[in-house]
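The numbering of the sequence shown is the working numbering, which starts it at 18 and goes up by one.
Just so it is clear, CB atoms sit at the ideal spot from N, CA and C, and this is done for glycine as well.
For clarity, every value in this text was computed on a predicted model and none was experimentally measured.
The structure under discussion appears below in the form of structure tokens.
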Amino acid sequence: MTDQPPRLDNPLGIVACNSPDYVRRMLQALEAGRVTVPLRHAQDHDRIDRTGVREIVTPAADHGWLSQSFASPASNQLAMLSFTSGTEGPPKAVHLSQANLHDVVQRLVEVMAMTGDIREYVGVPVYHSFGYGRCRAVLSVGGACFIPETGFDLSEIRKMLKAGEINAISTVPSLWRLFLQQSDMFGPELEAVRWVEIGSQFMSVAEKLALRQLLPNARIVQHYGLTEASRSTFLRIDGAPEAILDSVGPVDGPVGARIDNAGRIQVQGTHVALALENADHYHSLAPGDWLTTSDKGRIAQGYLYFEGRADDVINCAGIKLSPDLMEAAMRAAVPQSGAFGITRCDDALRGDGILLALTPKAEPYKENLIKALEHYMEGQGLSARSSIVVQTHDSLPRTDTGKLQRAALKVIPVDSNNTHTDFAHYIRSVVGAEALHAGQSFFDSGSDSLSHMQIQLTLERALGTAPPDWEAAPLSQLVAQVEAIGTIDTLPEGSGGAPPLPDGSRNCNPADLSFWALVGEDYRTNDANIFHQGFLMLFIHRFGNWRMSVRPRILRMPLTMLYRFFNKLTQLLFGMKLDYTVKVGRRVKLEHFGGMILGAREIGNDVVLRQNTTMGIRTTMDTKAKPTIGAFVDIGAGAVIAGNITIGENAIIGANTVVYTNVPPNAVVVGVPGRIIGQNPRRNPSPLALRPEA
């Protein structure tokens with residue numbers, strides 16, 4: 018509901034600083050029932066005027082230990098106006114009650130089993146909800162907090178652990194990554210760590226596993242939360258099964274969590290703020306109201322998964338990408354890289370492009386980071402190197418708790434008066450591969466169907482028709498052909514790229530066998546078992562093609578109804594989809610049923626396919642771009658083959674491999690994305706081809 022903000026009775030402004038005295042002043046006011054307003058500085062007129070502060074306190078800028086008794090009050094009266102960090106837009110005032118603050122303390126103490134023995138190194142600013150909450154929880158059980166002078170300092174932590182002065186550490190994932198990178202500076206002293214809390218930024222499973230291995234005796238807890246609802250969920254990293262480590266905890270506790278229709282996380286509970294207020298709007302929240310966050314997420318098997326800020330999502334060619342997940346994948350691939358960040362930028366063709374902002378320290382790892390980013394994008398079904406803009410920034414805009422302010426991260430303007438003086442420059446700009454040399458082809462760029470369309474249309478405009486198999490031609494050959502005609506004009510609008518698919522208007526069964534001879538061969542190929550699901554699927558497929566030879570159409574109609582019924586039945590019962598419009602060769606073996614989506618252009622002779630194989634388009638921008646599978650190809654379980662590509666004869670595609678580019682004959686391909694690791698030693702025809710015909 019929306020109301021007018023309450024009139025505050027003599028609120029106390031406290032200048033925020035990372036010091037024990039700041040916490041003392043805040044707790045003193047909290048226990049006295051006085052509303053506090055953290056200020057950025059003594060002349061913070063924006064917050065002073067908005068809240069009616071008349072008295073201002075400037076705490077001592079000290080550091081070191083904080084130890085005092087603290088009894089957390091739990092009334093519903095207003096306790097403080099905290100301000101968000103402003104990762105998106107201007108900060109808003111969050112009205113927090115004593116009960117909101119107490120709820121956090123109570124649940125923290127319970128989930129972490131904290132005792133009066135705790136001596137914690139608080140590695141985040143205590144004027145933010147994370148650090149302030151740590152201090153309240155530690156002090157409430159009779160423990161002590163150490164607030165460092167210069168922030169999170171690994172050398173200081175090592176020294177204090179060795180001296181037995183601390184046994185707990187709290188900080189955010191970005192700083193824990195620094196710890197993981199420098200973990201070789203530590204030794205047995207890490208066994209003394211008993212309590213760890215991690216902030217709510219994204220952290221990968223690999224990072225969590227590494228952290229709990231390094232801290233074998235620690236109770237490690239990650240929370241999901243925000244200023245408006247601190248610590249909504251908790252994940253016990255030290256005890257959680259690996260399968261749920263990428264979550265941020267269960268949703269079956271005292272806090273409610275759900276996902277709205279837009280995919281945003283909503284939370285409910287005693288910890289949710291009383292109200293939210295910006296410069297011209299005040300929104301109060303009644304007990305039990307759901308707070309809609311700006312975070313994307315999902316809930317699976319009772320666990321909440323954080324998938325980044327909704328405002329940060331990059332929609333590139335219809336595929337939605339999370340910058341948090343992209344950055345995590347890149348850090349895993351290039352762990353030694355310096356600081357970098359990802360945000361959206363404009364892309365006239367794809368809607369959103371991807372800005373990769375590097376700091377000078379990350380600049381030496383530029384090419385490896387780009388490759389890691391491309392690999393992640395291809396794993397999401399997007400091969401669009403030209404959508405990536407790479408720039409070096411002196412520094413990245415961050416909040417005091419280390420969160421990247423993506424909205425403040427902008428493309429550095431460059432000279433836009435840029436014309437393509439030759440076709441070589443043009444094709445490199447389209448595929449986004451400045452290093453593409455004259456002997457390489459379009460296929461070597463690994464680019465997407467949109468880039469394919471642009472270049473093909475340009476070739477048609479310049480030459481009248483695109484040369485056959487131009488994608489495989491060396492760049493120098495295409496340049497010579499185009500420049501012999503003239504210069505590049507403006508790219509015309511158009512669509513397409515892949516040639517038309519078979520329209521299903523004729524019988525495309527192999528012509529060298531009769532229908533029943535073909536069925537007999539399929540029967541022998543698929544284990545001579547009439548109940549083999551692969552054989553039954555192929556029988557329906559062959560029948561669907563054979564019926565197209567029945568003329569006129571009115572005589573074919575009952576057969577068509579019969580085909581459609583059984584084709585749908587095989588999808589439901591066998592989990593296999595193979596429409597009759599896919600041209601299928603002889604002696605094809607559907608080895609194991611289940612999860613087969615075989616949306617290919619053509620499948621050659623003597624091909625073996627296994628369960629969970631997926632074939633189809635790579636992007637909805639070109640629905641004709643489906644793969645061609647050559648003869649004698651062996652495809653492992655879980656493989657994904659997508660786009661207008663050709664898998665060469667006798668190739669082997671490994672299990673769970675993802676293929677978006679052409680595969681030469683005899684190649685062995687594995688990985689995500691697929692890469693060639695060797696040659697198929699078998700050069701003879703498949704044993705299936707040697708079986709006698711019916």
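Worksheet item: Taking the alpha-carbon positions, what's the F100 to V268 distance?
Response: Taking the Cα positions, F100 is about 26 Å away from V268.
Discussion item. Quick test of the definition: if touching needs 3 or more C-beta pairs under 8 Å, does the segment 318–332 touch the segment 255–271?
Written reply: Between the segment 318–332 and the segment 255–271 there are three or more inter-stretch CB-CB distances shorter than 8 Å, so the stretches are counted as touching.
Worksheet entry | Bounding residues of the alpha helix (DSSP H) (the contiguous stretch that carries C152) | It spans S146 to S157 - the alpha helix (DSSP H) in which C152 sits, taken as one unbroken run.
Discussion item. Buried or exposed for S92, going by 16 or more other Cβ atoms inside 10 Å?
Written reply: Under this definition S92 is an exposed residue.
Worksheet item: Whose CA, out of G216, W307 and D277, lies closest to the CA of G419?
Response: Minimum Cα distance to G419 is reached at G216.
Fill in: L83 - DSSP class collapsed to helix/strand/coil
The answer is strand: DSSP assigns L83 an E or B state.
Practice prompt. Check whether the segment 183–199 touches the segment 226–243, counting contact only when three or more Cβ pairs, one atom from each stretch, lie closer than 8 Å.
Written response: With a cut-off of 8 Å, the segment 226–243 and the segment 183–199 count as touching, because enough Cβ pairs lie within range.
Worksheet item: Sorted by chain position, which residues of the same chain lie with C-beta nearer than 8 Å to Y580's C-beta, five sequence neighbours on each side aside?
Response: These residues qualify, in order along the chain: I557, F560, G561, R564 and Y597.
Discussion item. Please report the straight-line C-alpha distance between T416 and I694, rounded to a whole angstrom.
Written reply: Each residue's Cα considered, the two are about 44 Å apart.
Discussion item. Taking CB distances under 7 Å as the criterion, tell me whether F251 reaches chain B.
Written reply: Among the protein chains of the structure shown there is no chain B, as only one such chain exists.
Item to complete: With DSSP as the reference, label I237 as helix, strand or coil.
Response: Strand at I237.
Discussion item. Checking the sheet assignment: what are the DSSP bridge partners for Y320?
Written reply: Residue pairing of Y320 in beta bridges, as defined by DSSP: P267 and A317.
Worksheet item: Going by other Cβ atoms of all chains shown within 10 Å of its Cβ, with 16 needed for buried, is D306 buried or exposed?
Response: Classification of D306: exposed, given that the 10 Å Cβ count is below 16.
Practice prompt. Using three-state DSSP, classify D432 as helix, strand or coil.
Written response: For D432, the predicted model reports a pLDDT of 42, less than 50, meaning its position is unreliable; a value from the coordinates is still stated below. In the structure shown, the three-state DSSP call for D432 is coil.
Worksheet item: Do I658 and V676 come within 7 Å of each other at the CB atom, strictly closer than that value?
Response: Cβ distance < 7 Å, so V676 and I658 count as in contact.
Worksheet item: Taking DSSP as the reference, what is the three-state secondary structure of S512?
Response: Confidence at S512 is low in this model, with a pLDDT of 34, below 50, so its placement is unreliable and no value can be given for it.
Fill in: Short Cβ contact (7 Å threshold) for H240 with N117
With contacts defined as CB atoms closer than 7 Å, H240 and N117 fail to qualify as a contacting pair.
Worksheet entry | Nearest candidate by alpha-carbon position, reference P259, set R236, E224 and A279 | Residue 259 is actually Glu in this sequence, not Pro. The residue with the shortest Cα to Cα distance from E259 is E224.
Worksheet item: Between the segment 176–187 and the segment 116–136, do three or more beta carbon pairs fall short of 8 Å?
Response: Using a Cβ-Cβ distance cut-off of 8 Å, the segment 176–187 and the segment 116–136 are in contact, since at least three pairs of beta carbons, one from each stretch, lie closer than that value.
Discussion item. With the cut-off set at 7 Å, would you say E666 and A648 are in Cβ contact?
Written reply: Cβ atoms of E666 and A648: closer than 7 Å.
Item to complete: Please look up how many angstroms separate the CB atoms of I359 and V406, rounded, as I've assumed it's under 8 Å.
Response: A Cβ-Cβ separation of about 10 Å leaves I359 out of contact with V406 under the 8 Å criterion.
Worksheet item: Who are H112's beta bridge partners in DSSP?
Response: Answer is L98 and A292.
Discussion item. Rounding to the nearest angstrom, what Cα-Cα distance links I186 and W212 in this structure?
Written reply: As the crow flies, the alpha-carbon of I186 is around 7 Å from that of W212.
Item to complete: Say yes only if the C-beta of L95 is nearer than 6 Å to one or more non-hydrogen atoms of the ligand SAH, and no if none qualify.
Response: In the structure shown, the ligand SAH is absent, as is every other ligand, since no ligand is present at all.
Fill in: Whole-angstrom C-beta distance between V122 and R153, which should lie under 8 Å
Their Cβ separation, rounded to whole angstroms, is 5 Å, which keeps R153 and V122 in contact under 8 Å.
Worksheet item: For A327 versus A389, is the C-beta spacing smaller than 7 Å?
Response: Using a Cβ distance threshold of 7 Å, A327 and A389 do not count as a contacting pair.
Worksheet entry | Span separating the alpha-carbon of Q21 from that of P304 | Near 17 Å, if we compare the C-alpha coordinates of P304 and Q21.
Item to complete: Give the range of the alpha helix (DSSP H) segment to which H392 is assigned.
Response: K383 to G396 is the span of the alpha helix (DSSP H), which, as asked, contains H392.
Worksheet item: So, is L586 buried or exposed, given that buried needs 16 or more other C-beta atoms within 10 angstroms?
Response: L586 comes out exposed.
Worksheet entry | Delimiting residues of the alpha helix (DSSP H) encompassing W533 | Following the DSSP letters along the chain, one finds W533 inside the alpha helix (DSSP H) bounded by residues F532 to T542.
Worksheet item: Does the count of Cβ pairs from the segment 526–535 and the segment 601–610 closer than 8 Å reach three?
Response: A contact exists between the segment 526–535 and the segment 601–610.
Discussion item. Out of R67, D61 and P90, which one is the CA nearest neighbour of E48?
Written reply: Nearest in C-alpha terms to E48, of all of R67, D61 and P90, is P90.
Discussion item. Assuming contact is defined by CB atoms lying nearer than 7 Å, are A656 and T678 in contact in what I supplied?
Written reply: Taking 7 Å as the cut-off, the beta carbon of A656 is found no closer than this to the beta carbon of T678.
Fill in: Collapsed DSSP secondary structure at P340 in the structure displayed
In the structure shown, P340 sits in a helix (DSSP, three-state: H, G or I).
Worksheet item: Can you tell me whether A617 is buried or exposed, with buried defined as 16 or more other CB within 10 angstroms of its CB?
Response: Looking at its Cβ environment, which holds 16 or more other Cβ atoms inside 10 Å, A617 is buried.
Practice prompt. Report yes or no: do the segment 239–254 and the segment 294–301 share at least 3 C-beta pairs separated by less than 8 Å?
Written response: Judged by Cβ distances under 8 Å, the segment 239–254 makes no contact with the segment 294–301, as fewer than three pairs qualify.
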